[in-house]
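Undergrad: Here it is, the structure, as structure tokens.
There are 2 protein chains.
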Amino acid sequence: MREPTYFVLAALLAGPLHGYAIIKRVEDMSGGRIRLATGTLYTALDRLTAEGSVRLVSDEIVNGRIRRSYGLTDAGSTALRAEAQRMAEAARLVTGEPAAAGASRLGRKARTA
Amino acid sequence: MREPTYFVLAALLAGPLHGYAIIKRVEDMSGGRIRLATGTLYTALDRLTAEGSVRLVSDEIVNGRIRRSYGLTDAGSTALRAEAQRMAEAARLVTGEPAAAGASRLGRKARTA
DNA sequence: GACGATATGTCGACTGACTACTTATGCTGG
DNA sequence: CCAGCATAAGTAGTCAGTCGACATATCGTC
Chain A
0 MREPTYFVLA
10 ALLAGPLHGY
20 AIIKRVEDMS
30 GGRIRLATGT
40 LYTALDRLTA
50 EGSVRLVSDE
60 IVNGRIRRSY
70 GLTDAGSTAL
80 RAEAQRMAEA
90 ARLVTGEPAA
100 AGASRLGRKA
110 RTA
Chain B
0 MREPTYFVLA
10 ALLAGPLHGY
20 AIIKRVEDMS
30 GGRIRLATGT
40 LYTALDRLTA
50 EGSVRLVSDE
60 IVNGRIRRSY
70 GLTDAGSTAL
80 RAEAQRMAEA
90 ARLVTGEPAA
100 AGASRLGRKA
110 RTA
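Quick mapping for you: the protein sequence lines, in order, are chains A and B.
First residue of the first sequence: 0, per numbering that gives the first Met the number 0; consecutive thereafter.
First residue of the second sequence: 0, per numbering that gives the first Met the number 0; consecutive thereafter.
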């Protein structure tokens, strides 16, 4: 899973949002670092919907225009948490920080560089 | 940076390795989860060399065949650590774990979303 | 001598992200 | 009053990176 996809799912953790709101939320969550282009967002939403990580939760008409809200499915939530675990472990390999609880003896930073 | 690229750099953290050794090291580091295809590895090494994250450190002849060893450059090491930081932060958004080491002495800040 | 491990490398296909563009409304300032 | 910005949803074309398959070569072993 690549970063934009990950952040789209993460943005929906707290509840369903519509497209534009996802863009804003991701920008906020990432400290302004990640700015999803609409092309990235909507193709990602289509893909995530097709694979069952996300689902369309509402289809309202606001000001004469459609507003689609997307939410995480159980599968999406599970996939997101699994991905977060993988990322944390991968990061630990480099940062040398031990796992918070139940640390598996991953070698600390090697002295030899 | 995508996962295979990240692991190639991470494998070189402890010192230079040749191509096949990188594949084995990555498999080991990731608990068998990541198996680099040779196509992925050698194109990644070419790309990383071109962008200055990796450099060819030796060109030995072993058993009549060339063996190329690659090592991290300072730029590569910096990029890798920066990436690990980003990944750790992104993971934290989902896992909800606070920053592990170094956070304790700062004293807990008020809840920042 | 066939096969698996070691070892390096190329090529074409595929996925996902990016840039750029389109359409449309509401609000605000000059 | 209309220019420009924020909001809002999308499409099309392109590009980068990964992957599977293939090619080649040596060494040990069965």
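Even for Gly, the Cβ is constructed at its ideal location relative to N, Cα and C.
Of the choices A:Leu47, A:Glu2, A:Arg46 and A:Ser52, whose alpha-carbon is the least far from that of arginine 34 of chain A?
TA: Taking the first residue of the first sequence as 1, we reach residue 34 of chain A at position 35. Ranking A:Leu47, A:Glu2, A:Arg46 and A:Ser52 by Cα distance to arginine 34 of chain A puts A:Glu2 first.
Undergrad: Taking only three categories from DSSP, how would you classify serine 68 of chain A?
TA: Here residue 68 of chain A corresponds to residue number 69 of the first sequence, with the count starting at 1. If DSSP states are grouped into helix, strand and coil, serine 68 of chain A belongs with the strands.
Undergrad: Given this structure, state the Cα-to-Cα distance separating alanine 74 of chain B from valine 56 of chain A, to the nearest angstrom.
TA: Position 75 of the second sequence holds residue 74 of chain B. Position 57 of the first sequence holds residue 56 of chain A. Approximately 45 Å, taken between the alpha carbons.
Undergrad: Measure from the C-beta of leucine 12 of chain A to each C-beta in chain B and report whether the shortest distance is under 8 Å.
TA: The residue labelled residue 12 of chain A in the question sits at position 13 within the first sequence. At least one chain B Cβ lies under 8 Å of leucine 12 of chain A.
Undergrad: Can you give the beta carbon distance from alanine 20 of chain B to methionine 86 of chain A, rounded, assuming they're within the 8 Å contact cut?
TA: Residue 20 of chain B sits at position 21 when you count from the first residue of the second sequence. Residue 86 of chain A sits at position 87 when you count from the first residue of the first sequence. Their Cβ separation, rounded to whole angstroms, is 25 Å, which puts alanine 20 of chain B and methionine 86 of chain A out of contact at 8 Å.
Undergrad: Taking DSSP's pairing of strands, which residues face arginine 91 of chain A in a bridge?
TA: Reading the first sequence from its first residue, position 92 is the one you call residue 91 of chain A. DSSP lists no partner for arginine 91 of chain A.
Undergrad: Give the secondary structure of isoleucine 60 of chain B by DSSP, where H, G and I count as helix, E and B as strand, and everything else as coil.
TA: The count along the second sequence starts at 1 and reaches residue 60 of chain B at position 61. It is a strand residue.
Undergrad: Run down chain A in chain order and give the residues with a C-beta less than 8 Å from the C-beta of arginine 1 of chain B.
TA: Position 2 of the second sequence, counted from the start, is the residue given in the question as residue 1 of chain B. Residues of chain A passing the Cβ test: Arg1.
Undergrad: Below 8 Å on the Cβ atoms is my contact criterion, and I expect methionine 28 of chain B with glutamate 82 of chain B to pass it. Report the Cβ-Cβ distance as a whole number of Å.
TA: Stepping through the second sequence from its first residue, residue 28 of chain B is reached at position 29. Stepping through the second sequence from its first residue, residue 82 of chain B is reached at position 83. So it is not a contact: roughly 15 Å between Cβ atoms.
Undergrad: Rounded to whole angstroms, what is the Cα-Cα separation between proline 97 of chain B and glutamate 96 of chain A?
TA: Taking the second sequence and counting its residues from 1, the one referred to as residue 97 of chain B is at position 98. Taking the first sequence and counting its residues from 1, the one referred to as residue 96 of chain A is at position 97. If you take the alpha carbons of proline 97 of chain B and glutamate 96 of chain A, they lie about 13 Å apart.
Undergrad: Closest to aspartate 45 of chain B by C-alpha separation, out of B:Arg80, B:Leu8, B:Glu88 and B:Thr77, would be which residue?
TA: For the purposes of this step, residue 45 of chain B is identified with residue 46 of the second sequence, where counting begins at 1. Among B:Arg80, B:Leu8, B:Glu88 and B:Thr77, the Cα nearest to that of aspartate 45 of chain B is on B:Leu8.
Undergrad: Return no unless some Cβ of chain A is closer than 8 Å to the Cβ of leucine 115 of chain B.
TA: Nothing in the structure corresponds to residue 115 of chain B, since chain B is present only between 0 and 112.
Undergrad: Is alanine 83 of chain B close to chain A, meaning its C-beta is less than 8 Å from at least one C-beta of that chain?
TA: As a working mapping, residue 83 of chain B is identified with position 84 in the second sequence. Yes, because at least one Cβ of chain A sits closer than 8 Å to the Cβ of alanine 83 of chain B.
Undergrad: Classify leucine 40 of chain A as helix, strand or coil using the three-state DSSP reduction.
TA: Position 41 of the first sequence holds residue 40 of chain A. Helix.
Undergrad: Who are the Cβ neighbours of leucine 79 of chain A in its own chain at under 6 Å, not counting the five residues just before and after it?
TA: The count along the first sequence starts at 1 and reaches residue 79 of chain A at position 80. Excluding positions up to five away in sequence, the list reads Leu8.
Undergrad: Please identify, using Cβ separations under 7 Å, the residues of the stretch 29-53 of chain B that lie next to chain A, in order along the chain.
TA: Those would be none; no residue qualifies.
Undergrad: From what residue to what residue does the alpha helix (DSSP H) around leucine 8 of chain B run?
TA: Along the second sequence, read from residue 1 onward, the residue named residue 8 of chain B stands at position 9. It spans 2-10 - the alpha helix (DSSP H) in which leucine 8 of chain B sits, taken as one unbroken run.
Undergrad: Does chain B have any CB closer than 8 Å to the CB of valine 121 of chain A?
TA: In the structure displayed, chain A extends from 0 to 112; residue 121 of chain A sits before or after that span and is not available.
Undergrad: Against tyrosine 5 of chain A, what residues of chain B qualify as contacts under a CB-to-CB distance less than 8 Å, listed in chain order?
TA: Translated into the one-based positions of the first sequence, residue 5 of chain A becomes position 6. Correct list: Ala89.
Undergrad: From the DSSP output, in three-state form, read off leucine 55 of chain A for me.
TA: Counting from 1 along the first sequence, the entry for residue 55 of chain A is found at position 56. Here leucine 55 of chain A sits in strand by DSSP.
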